[in-house]
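In order, the protein sequence lines correspond to chains A and B.
Residue 257 is where the first sequence ends in the UniProt record's numbering, and the numbering goes up by one at each step.
Residue 257 is where the second sequence ends in the UniProt record's numbering, and the numbering goes up by one at each step.
All C-beta atoms, glycine included, are put in the ideal place defined by N, C-alpha and C.
What you are looking at is a predicted structure, and each value in this text was computed from that prediction instead of being measured.
Number of protein chains: 2
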Amino acid sequence: MITSTANQQIKNLVQLQKKGKARKDQDVFIAEGLKMYQEAPQDKIVRTYISESFLKNPENSSIKGLKDAEVLEDRIFDYVSDTKTPQGIMCIVRQRHDKIEDILKEEKPLIMILENLQDPGNLGTIIRTAEGAGVTGIIMSSQTVDIYNPKTIRSTMGSVYRVPCVRSEDIYADIDKIKEAGVRVYAAHLKGKSSYTEEYYSEGTAFLIGNEGNGLSREMAEKADKYILIPMCGRVESLNAAVASTILMFEARRQRN
Amino acid sequence: MITSTANQQIKNLVQLQKKGKARKDQDVFIAEGLKMYQEAPQDKIVRTYISESFLKNPENSSIKGLKDAEVLEDRIFDYVSDTKTPQGIMCIVRQRHDKIEDILKEEKPLIMILENLQDPGNLGTIIRTAEGAGVTGIIMSSQTVDIYNPKTIRSTMGSVYRVPCVRSEDIYADIDKIKEAGVRVYAAHLKGKSSYTEEYYSEGTAFLIGNEGNGLSREMAEKADKYILIPMCGRVESLNAAVASTILMFEARRQRN
Numbered sequence: 001m002i003t004s005t006a007n008q009q010i011k012n013l014v015q016l017q018k019k020g021k022a023r024k025d026q027d028v029f030i031a032e033g034l035k036m037y038q039e040a041p042q043d044k045i046v047r048t049y050i051s052e053s054f055l056k057n058p059e060n061s062s063i064k065g066l067k068d069a070e071v072l073e074d075r076i077f078d079y080v081s082d083t084k085t086p087q088g089i090m091c092i093v094r095q096r097h098d099k100i101e102d103i104l105k106e107e108k109p110l111i112m113i114l115e116n117l118q119d120p121g122n123l124g125t126i127i128r129t130a131e132g133a134g135v136t137g138i139i140m141s142s143q144t145v146d147i148y149n150p151k152t153i154r155s156t157m158g159s160v161y162r163v164p165c166v167r168s169e170d171i172y173a174d175i176d177k178i179k180e181a182g183v184r185v186y187a188a189h190l191k192g193k194s195s196y197t198e199e200y201y202s203e204g205t206a207f208l209i210g211n212e213g214n215g216l217s218r219e220m221a222e223k224a225d226k227y228i229l230i231p232m233c234g235r236v237e238s239l240n241a242a243v244a245s246t247i248l249m250f251e252a253r254r255q256r257n
Numbered sequence: 001m002i003t004s005t006a007n008q009q010i011k012n013l014v015q016l017q018k019k020g021k022a023r024k025d026q027d028v029f030i031a032e033g034l035k036m037y038q039e040a041p042q043d044k045i046v047r048t049y050i051s052e053s054f055l056k057n058p059e060n061s062s063i064k065g066l067k068d069a070e071v072l073e074d075r076i077f078d079y080v081s082d083t084k085t086p087q088g089i090m091c092i093v094r095q096r097h098d099k100i101e102d103i104l105k106e107e108k109p110l111i112m113i114l115e116n117l118q119d120p121g122n123l124g125t126i127i128r129t130a131e132g133a134g135v136t137g138i139i140m141s142s143q144t145v146d147i148y149n150p151k152t153i154r155s156t157m158g159s160v161y162r163v164p165c166v167r168s169e170d171i172y173a174d175i176d177k178i179k180e181a182g183v184r185v186y187a188a189h190l191k192g193k194s195s196y197t198e199e200y201y202s203e204g205t206a207f208l209i210g211n212e213g214n215g216l217s218r219e220m221a222e223k224a225d226k227y228i229l230i231p232m233c234g235r236v237e238s239l240n241a242a243v244a245s246t247i248l249m250f251e252a253r254r255q256r257n
């Protein structure tokens, strides 16, 4: 049992929780909580950590794969946890390496392209909602918040294991690739003349979603084949990025069903 | 200029930021940031506070209504602010007192009924999205997170001033009132047999949305006229409460347009 914060593994867990660079260098991330542990692909789990209380709780005796888990004194587990009320289980999981080519292999893909999203919860919620809406994959500009941020991971509720996500080094070139594959690219934009409900998304479709504060950059918006508008009542000028994404993804799903 | 955290007004601001009870007793809440200040109904603003830097910034000289604003030393403003990067302006605003009867006065109302939502950001996002979707009003069970929580206020982006919101003391009796007014009540529920896209929401419509962790309680779900399902792909079991609300509100809006 690990009983000290000076332990090398504990120091490393803290680094992995806090630093995107440490996660990138080691090519892993931390998934916390029972659901995140149980949904993780077994062959991607590097190491599992449980608290002493978690180990001693008879309700947990039927959980699989824990025989090699490292046990941490409760206060040590709390120390490395990113949550206020830790469930007592976390694991180090290998990062995915999805490629745009894999996403474009699908027939009539449905793709979300995110520009510089900054809120980890928003990104996680979009990934979770995307799985629910049957999105083929998500492409993010290089300045988007780290998908492996603990808050993002938590908000995905496990969808991070299943939705192909690509961090693009050259988003403009990648959008060109997507267009060359016959996918029509729509930008949710205040300049849109037609409502999002007036277009057809049954063929290959991609939606461009902009940053929370500034919306889409001019350069990104210009890559779109068409601007669409989400008509709004009242004095609302814009919607939360995850909300706008939800509306578009589920309209595409509705049309495809 | 206020230069001490021992100042009585500063002590009160801290109470109002942190304690729902203080907000309730004084019947006010705090709205932070320039947008929240500018969109506040003038007759509801009790007092405005700005930082010394905000006062001295020539860009702010054209902002109206600031001649009686209290000026706070920057470090005092930071001390009372609920945000990491304070904009240097906040105001105390009187709470709204909407009634269910006001919401039901509207022809063919579109109503959201929220049961015990716990995440302030979720509640705020729902209020903001509701204004955009043209929702008539929001009714919340008594255990729902405080609408005047600073995080909720911020997430509404000003919609809190405009969307009628009622905290119900007896949610079951209030749902009966809504039904007696001819409004059809739908519950988003896993037991739903028809998809949400197969129903018609052009007449008076209310949607029941459950708590983030547990969904709708059995008692609440039983109040519904009909269960509807948001069909989901992949292994997603449920959606974020704000996301589920968004899908239903904008489907109703789509049908009503």
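Check, Outcome
"Rounded to whole angstroms, what is the Cα-Cα separation between Asp-174 (chain B) and Tyr-201 (chain B)?", "20 Å"
"Should Ile-92 (chain A) and Gly-33 (chain A) be called a contact, given that it needs their Cβ atoms to be closer than 8 Å?", "no"
"So the candidates are B:Thr-129, B:Ala-206 and B:Ala-241; which of them puts its Cα closest to the Cα of Ala-224 (chain B)?", "B:Ala-206"
"For a contact defined as C-beta to C-beta under 9 Å, what are the partners of Leu-110 (chain B) on chain A?", "Per Cβ cutoff of 9 Å: no residues; Leu-110 (chain B) is ~10 Å from chain A at best."
"Which residues of the segment 8-33 of chain B have a Cβ closer than 8 Å to any Cβ of chain A? Give them in chain order.", "none"
"How big is the Cα-Cα spacing for Leu-66 (chain A) and Leu-72 (chain A)?", "13 Å"
"For His-189 (chain B), collect the residues of the same chain with a Cβ closer than 6 Å to its Cβ; drop the 5 residues on either side in sequence, then sort them by chain order.", "Ala-221 and Tyr-227"
"Judging by CA-CA distance, which residue of B:Lys-64, B:Lys-99 and B:Lys-44 is the nearest neighbour of residue 260 (chain B)?", "Chain B is shown from 1 up to 257; residue 260 (chain B) falls before or after that span and cannot be answered."
"Is the CB-CB distance between Ala-31 (chain B) and Thr-125 (chain B) below 8 Å?", "no"
"What in chain B is Cβ-close to Ile-247 (chain A), meaning under 7 Å?", "Thr-246 and Phe-250"
"Work out the CA separation of Gly-192 (chain A) and Arg-254 (chain B) for me, nearest whole Å.", "17 Å"
"Could you check whether Lys-151 (chain A) and Gly-121 (chain A) sit closer than 8 Å to each other, using their CB atoms as the reference points?", "yes"
"Anything in chain A within Cβ reach of Cys-91 (chain B), meaning under 8 Å, just list it in chain order.", "None at all; the shortest Cβ gap to chain A is about 18 Å."
"Since I believe Phe-29 (chain A) is in contact with Tyr-148 (chain A) (beta carbons under 8 Å), could you give me their beta-carbon distance rounded to a whole number of angstroms?", "4 Å"
"Which residues in the same chain as Leu-239 (chain B) place their Cβ atom closer than 8 Å to its Cβ, once the five residues preceding and following it in sequence are excluded?", "Ile-230, Met-232 and Ile-247"
"Secondary structure at Thr-48 (chain A), three-state DSSP: helix, strand or coil?", "strand"
"Determine the extent of the beta strand (DSSP E) in which Lys-226 (chain A) is found, giving its start and end residues.", "226-229"
"Answer yes or no: do Val-166 (chain A) and Ile-103 (chain A) have a C-beta to C-beta separation smaller than 8 Å?", "yes"
"Between Gln-9 (chain A) and Ile-113 (chain A), what straight-line distance do the alpha-carbon atoms span, to the nearest angstrom?", "36 Å"
"Could you tell me whether the Cβ of Gly-192 (chain A) comes closer than 8 Å to any Cβ of chain B?", "no"
"For Arg-254 (chain B), return the contacting residues in chain A, with the cut-off set at a CB-CB distance below 7 Å.", "Thr-197"
"Could you compute how far the alpha carbon of Ala-181 (chain A) sits from the alpha carbon of Thr-136 (chain A)?", "14 Å"
"Taking the straight line between their C-alpha atoms, what separation do you get for Ser-245 (chain A) and Phe-250 (chain B)?", "12 Å"
"What are the start and end residues of the beta strand (DSSP E) that includes Arg-184 (chain A)?", "184-188"
"Provide the residue(s) that pair with Ile-139 (chain A) in DSSP beta bridges, ordered along the chain.", "A:Ile-113 and A:Val-166"
"Any idea which residues DSSP pairs Phe-207 (chain B) with across the strands?", "B:Met-112 and B:Tyr-186"
"Relative to the C-alpha of Val-80 (chain B), which candidate in B:Arg-218, B:Ser-4 and B:Ala-252 has its C-alpha closest?", "B:Ser-4"
"Using a Cβ-Cβ distance under 8 Å, would Arg-96 (chain B) count as near chain A?", "no"
"What whole-angstrom Cβ distance do Asp-146 (chain B) and Gly-20 (chain B) have, given they're in contact under 8 Å?", "4 Å"
"Could you give the first and the last residue of the continuous beta strand (DSSP E) run that contains Glu-32 (chain B)?", "28-32"
"Tell me whether residue 263 (chain A) is buried or exposed, calling it buried when 16 or more other Cβ atoms sit within 10 Å of its Cβ.", "No information on residue 263 (chain A) is available, as it lies outside the stretch 1 to 257 that chain A covers here."
"I want to check one thing, is the minimum distance from the CB of Arg-96 (chain B) to the heavy atoms of the ligand PLP below 7 Å?", "Absence of the ligand PLP is noted for the structure shown, with no ligands found whatsoever."
"Does the distance from the C-beta atom of Lys-105 (chain B) to that of Gly-204 (chain B) stay below 8 Å?", "no"
"Verify whether the separation of the beta carbon atoms of Ser-53 (chain A) and Asp-82 (chain A) is less than 8 Å.", "no"
"Give the secondary structure of Ser-194 (chain B) by DSSP, where H, G and I count as helix, E and B as strand, and everything else as coil.", "strand"
"Compute the beta-carbon to beta-carbon distance between Arg-128 (chain A) and Thr-156 (chain A), rounded to the nearest angstrom, for a pair I have assumed lies under 8 Å.", "5 Å"
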